[in-house]
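Chemist: Oh and the sequence shown: position 93 is 188 in this note's numbering, straight run, nothing missing.
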Amino acid sequence: MTDFPVSPETFQAVLDRVSAGDRVHLMPGTYDGVYTISRRCGADGRPIVIEPAPGVDPMECMISRGVNSDAFRRPSNRLAQYALEIGYDFPGLYPWIDDASLRIYRCQHVTVRGLAFSMSWPTHIFIESAADISIKDCAFEDATFCIGALGAVTRDILIENCTWTQDTVPDRLWHRIPWSRVHGEKVDLEKDYRLFDGDFFRSNEISGGVTIRNCMIKAAFNAIHGFNTSAQAELNRDFHIHHNRFEQIRDNVFEPEDGAANWWFHHNDMIDVHKWFSIECETRGPMYIFSNTGSFRTQQGSDPFQGDKDENKGGAVFKPIKKIERAKGPFAGLYVFHNSFITRSSYIKKGLLPGLSHRNNAIAYAPAKTDTPRTNGFFGKVHEAEYEKRFTSSWERWNIDFDGDVVEFPSFAEEVIAAGYPVGDHTNDEGPGFVGAGHALQEFELGPDSPARDTSIAFSIQLPSGVWSSPGGLNVGALQGAPGSPASDRFHGPVFEPTLGERHYDTFVGV
Numbered sequence: 096m097t098d099f100p101v102s103p104e105t106f107q108a109v110l111d112r113v114s115a116g117d118r119v120h121l122m123p124g125t126y127d128g129v130y131t132i133s134r135r136c137g138a139d140g141r142p143i144v145i146e147p148a149p150g151v152d153p154m155e156c157m158i159s160r161g162v163n164s165d166a167f168r169r170p171s172n173r174l175a176q177y178a179l180e181i182g183y184d185f186p187g188l189y190p191w192i193d194d195a196s197l198r199i200y201r202c203q204h205v206t207v208r209g210l211a212f213s214m215s216w217p218t219h220i221f222i223e224s225a226a227d228i229s230i231k232d233c234a235f236e237d238a239t240f241c242i243g244a245l246g247a248v249t250r251d252i253l254i255e256n257c258t259w260t261q262d263t264v265p266d267r268l269w270h271r272i273p274w275s276r277v278h279g280e281k282v283d284l285e286k287d288y289r290l291f292d293g294d295f296f297r298s299n300e301i302s303g304g305v306t307i308r309n310c311m312i313k314a315a316f317n318a319i320h321g322f323n324t325s326a327q328a329e330l331n332r333d334f335h336i337h338h339n340r341f342e343q344i345r346d347n348v349f350e351p352e353d354g355a356a357n358w359w360f361h362h363n364d365m366i367d368v369h370k371w372f373s374i375e376c377e378t379r380g381p382m383y384i385f386s387n388t389g390s391f392r393t394q395q396g397s398d399p400f401q402g403d404k405d406e407n408k409g410g411a412v413f414k415p416i417k418k419i420e421r422a423k424g425p426f427a428g429l430y431v432f433h434n435s436f437i438t439r440s441s442y443i444k445k446g447l448l449p450g451l452s453h454r455n456n457a458i459a460y461a462p463a464k465t466d467t468p469r470t471n472g473f474f475g476k477v478h479e480a481e482y483e484k485r486f487t488s489s490w491e492r493w494n495i496d497f498d499g500d501v502v503e504f505p506s507f508a509e510e511v512i513a514a515g516y517p518v519g520d521h522t523n524d525e526g527p528g529f530v531g532a533g534h535a536l537q538e539f540e541l542g543p544d545s546p547a548r549d550t551s552i553a554f555s556i557q558l559p560s561g562v563w564s565s566p567g568g569l570n571v572g573a574l575q576g577a578p579g580s581p582a583s584d585r586f587h588g589p590v591f592e593p594t595l596g597e598r599h600y601d602t603f604v605g606v
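1. Using the Cα positions of PRO468 and ILE495, report the straight-line distance between them to the nearest angstrom.
2. Roughly how many angstroms lie between the CA atoms of ILE416 and PHE529, to the nearest whole one?
3. What's the call for GLU223, buried or exposed, on a 16-neighbour Cβ count within 10 Å?
4. Apart from the five residues just before and just after TRP359, which ones in its own chain have a Cβ nearer than 6 Å to its Cβ?
5. Tell me which residues share the same chain as ARG520 and place their Cβ nearer than 8 Å to its Cβ, disregarding the 5 neighbours each side in the sequence.
6. Shortest alpha-carbon distance to ALA105 belongs to which of MET122, SER564, ASN434, SER114?
7. DSSP state of PRO468, grouped into three classes?
8. Helix, strand or coil for ILE495? Go by DSSP, reduced to three states.
9. Between which two residues does the beta strand (DSSP E) containing HIS335 stretch?
10. So within the region 371-427, which uninterrupted alpha helix (DSSP H) runs reach at least 4 residues, ignoring any that extend past its ends?
11. Based on the DSSP secondary-structure assignment, which residues constitute the bridge partners of SER452?
12. So ASN471 and LYS444 are in contact, right, with Cβ under 8 Å, and what is the actual spacing, rounded?
13. Within its chain, find whatever has a CB closer than 8 Å to the CB of GLU107; leave out the 5 residues flanking it on each side and keep chain order.
14. For GLY209, I'd like the list of residues in its chain whose CB is within less than 8 Å of its CB, leaving aside the five on either flank, ordered along the chain.
15. Under the three-state reduction of DSSP, which class applies to GLN537: helix, strand or coil?
16. Can you pull the DSSP bridge partners for THR218?
17. Measure the CB-CB distance between ASN387 and VAL571 and report whether it falls below 7 Å.
18. In the DSSP output, which residue or residues are listed as bridge partners for GLU146?
19. Where do the N-terminal and C-terminal ends of the beta strand (DSSP E) with GLU510 fall, by residue?
20. Do ALA328 and SER435 come within 7 Å of each other at the CB atom, strictly closer than that value?
21. May I ask you to report which of helix, strand or coil DSSP gives ALA175?
22. Please determine if the region 175-191 and the region 283-300 are in contact, where contact requires at least 3 C-beta pairs separated by less than 8 Å.
23. Grab the span of the alpha helix (DSSP H) containing VAL277 for me, first residue to last.
24. Can you tell which of VAL431, ALA247, LEU174, ILE556 has its C-alpha closest to the C-alpha of TYR288?
25. Below 8 Å, how does it come out for the region 306-320 and the region 422-436: are there three or more Cβ pairs, yes or no?
26. ILE158 and PHE212 - do their beta-carbons sit closer together than 7 Å?
27. Apart from the five residues just before and just after PHE322, which ones in its own chain have a Cβ nearer than 8 Å to its Cβ?
28. Sort GLY124, ILE556, ALA247, THR97 by Cα distance to VAL113 and report the nearest one.
29. Do you know how far the Cα of ARG141 is from the Cα of GLY274?
30. Which first and last residues belong to the beta strand (DSSP E) in which LEU253 is found?
31. Find the nearest neighbour of GLY409 within the set SER560, ALA226, HIS270, judged by alpha-carbon distance.
32. Pull up the CB-CB distance for LEU541 and PRO559, whole angstroms please, since I reckon it's below 8 Å.
33. Cβ of ALA238 within 7 Å of Cβ of ILE199?
34. For ASP333 versus ASN317, is the C-beta spacing smaller than 7 Å?
35. With H, G and I counted as helix, E and B as strand and the rest as coil, what does DSSP make of GLU223?
36. Could you check the C-alpha separation between GLU350 and ILE374 for me, to the nearest Å?
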């Protein structure tokens, strides 16, 4: 076990020879290179640690390529266009996610702690074919991809107490850049902002075991995005996302792609998110969404740059499968329970979510000042064609049920109940009566006369190891307790259970 003080000139040489228990201490300097730790192994309880030297402020040893967003904007547009030219289906910087300032390749037991990253486009940290990697207490600014991961043996990644602000220009990505300028199908080399079409954490075909907790993600396009392009059942599993805060997310917070299983999202807070949960998986194992809050302060796309306009500013809480032919299955339960949401848009606009079990959620509607007091409907345009313009009402076919929810939404009864949606008998359309607009956690407290107080229904869900049950008689929504209870008194819910088998790191593939 050795402490290695390093400078920008010696950093890479030390990374090439560290071993279990060693600590790499960054001394003050400009770390503007590309640094790779490859085929190095810590040990259980003795990781390789990369961190600032004792007494050194992280800002004094920042890892940065020194390229700001204005300088990278046009090159990013050219790269997005080039992605189409080389055969990708969609324009973006996805082929270059491995172009990172810090790369962790075929390693085990490595911890990156307390570092600051800035102006490193397109990626800050990239992990490939590695296991037991921890990223703690780091501050990130800029980058298309904050943390990327690849490889079927990649697993057991912990990201905690980190912050990321993708666009450091206040309100620009949320209010002023039209959604299509970031993620449209055609590239405008002069007007687009393709540099922001990325994620806080983006992975493809990794085993999983990803924990993201106590992080703050702000002014970003997407947050958690896990692909599984081959839809292998053993990949993209065990994502545990909890106790995070998400603000001004212009697209999605929670986005499993293709095939995924055992994704948990709980005790998170969301303010100003375009579409909160994008779940368009063609096949899906169980997922659990509970004890979260979500609300709006402002309207996305409300102040576009002169000469532009934003056609994609409606949003929704859930983004489901839109085309029935993509619902290949099988599908396990999608359990959504005891959340407190204030939306100013549709809840689910169109499509289907097989296996959705929606229980004891408190939902209110609060339009932005610029909105008319109507939307496209709680479930979209309920009198139009199923799947295409509205959420499916074929609930028995797709194993969908809603019950025990307290909902306040314009014309909810007429749009949903009268339109033939088989919501349960314990659904209440009087509204939860939150004491505020949800701009702070305590504003989700239920008023003393709220019909959501002590009225939750009993229900059971299937966990990996067995059945978990809630007895009922609790508050509907996330916050529990009598009036005036601490806002931290939230619905606890079940305890996360992993499904990946234990990894014996001494036989880790490729090391």
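Glycine included, every Cβ here is placed at the ideal spot set by N, Cα and C.
Modeler: In short, the structure shows the following:
1. Residue confidence for PRO468 is low, a pLDDT of 46 falling below 50, so the modelled location carries little weight; the figure read from the coordinates is stated next. About 29 Å.
2. In this structure, the CA atom of ILE416 is about 31 Å from the CA atom of PHE529.
3. buried
4. HIS335, TYR383, PHE591
5. A quick correction: the sequence has Asp, not Arg, at residue 520. Around ASP520: ASP498.
6. First, the residue type needs correcting, since residue 105 is Thr and not Ala in the sequence shown. Checking every option, the nearest Cα to that of THR105 belongs to MET122.
7. Low per-residue confidence applies at PRO468: pLDDT is 46, beneath 50, and the placement is therefore not dependable, though the value from the model is reported in the following sentence. PRO468 falls in the coil class under three-state DSSP.
8. coil
9. 332-337
10. The region 371-427 is shown to contain no whole alpha helix (DSSP H) run of 4 or more residues.
11. The secondary-structure analysis by DSSP pairs SER452 across a beta bridge with TYR430, ASP496.
12. 6 Å
13. What sits at residue 107 in the sequence shown is Gln, not Glu. Scanning its chain for C-beta atoms nearer than 8 Å, with the 5 sequence neighbours on each side dropped, one finds around GLN107 the residues GLY128, TYR130, THR131, in chain order.
14. GLU146, PRO147, PRO153, LYS231, ASP232, CYS233
15. It is helical.
16. ALA195, PHE240
17. no
18. HIS120
19. Unbroken run through GLU510: none, as it is neither H nor E.
20. no
21. helix
22. yes
23. 274-278
24. Among VAL431, ALA247, LEU174, ILE556, the Cα nearest to that of TYR288 is on LEU174.
25. no
26. Note that the C-beta distance between PHE212 and ILE158 is below 7 Å.
27. ARG297, SER298, ASN299, GLU300, ASN331, GLU352, ASP353
28. THR97
29. The sequence shown places Trp at residue 274, not Gly. Their backbone Cα atoms lie some 45 Å apart in a straight line.
30. Unbroken beta strand (DSSP E) run through LEU253: 250-255.
31. HIS270
32. At roughly 32 Å, the Cβ-Cβ gap does not stay under 8 Å, so LEU541 and PRO559 are not in contact.
33. no
34. By the CB criterion at 7 Å, ASP333 and ASN317 fall outside the cutoff.
35. strand
36. Cα-Cα distance, rounded: 6 Å.
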